[in-house]
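Numbering (the working numbering), first residue to last: 13 to 157. Okay, structure first, notes after.
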Ligand code: FES
């Protein structure tokens, strides 16, 4: 049911933990399954130089978190914001349809961390508010409203 890559990232997740002195932290939860994901990022000159995650969730949530951190590391904030849950799932050679929602959490947690970073710097984050609030609400971690 799961690809080898999913099993690999589930068994040996990359970038687990929390970045010390993080520049941005994003936490999202799925109210349906109760899973929670927390991403922390370090940013230098607009580039994500370090990123770590903590996920209290299913195997697919752990594998997608791990892959999302791998994909986001070294990218500019703008590039990282383009990372969709589909791209994360594709990098893992696919997820079973019933597990696609788990990859939403990873993409959202990354966006929430970038939003927090921008928010701390007093930058306009209204564009990201709508991203995080579009459709099903994943817990609105990091929101002020
Ligand atoms: Fe909740 Fe996978 S079942 S994130």
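We put the CB at the ideal spot given by N, CA and C, even for glycine. Computed from a predicted structure; not experimentally measured.
For residue i, the nearest candidate out of the options (CA to CA)
i	options	result
residue 107	63, 74, 39, 33	74
residue 59	35, 71, 47	35
residue 100	116, 86, 85	116
Span separating the alpha-carbon of residue i from that of residue j
i	j	result
residue 78	residue 95	14 Å
residue 131	residue 38	11 Å
residue 127	residue 92	11 Å
residue 42	residue 48	7 Å
residue 13	residue 109	10 Å
residue 70	residue 56	32 Å
residue 137	residue 45	28 Å
residue 61	residue 27	12 Å
Beta-carbon gap between residue i and residue j smaller than 8 Å
i	j	result
residue 76	residue 125	no
residue 65	residue 88	no
residue 51	residue 121	yes
residue 114	residue 72	yes
Under the three-state DSSP convention, the category residue i falls into
i	result
residue 44	coil
residue 10	What the structure shows of the chain is the stretch from 13 to 157, and residue 10 is not part of that stretch, so it cannot be assessed.
residue 62	strand
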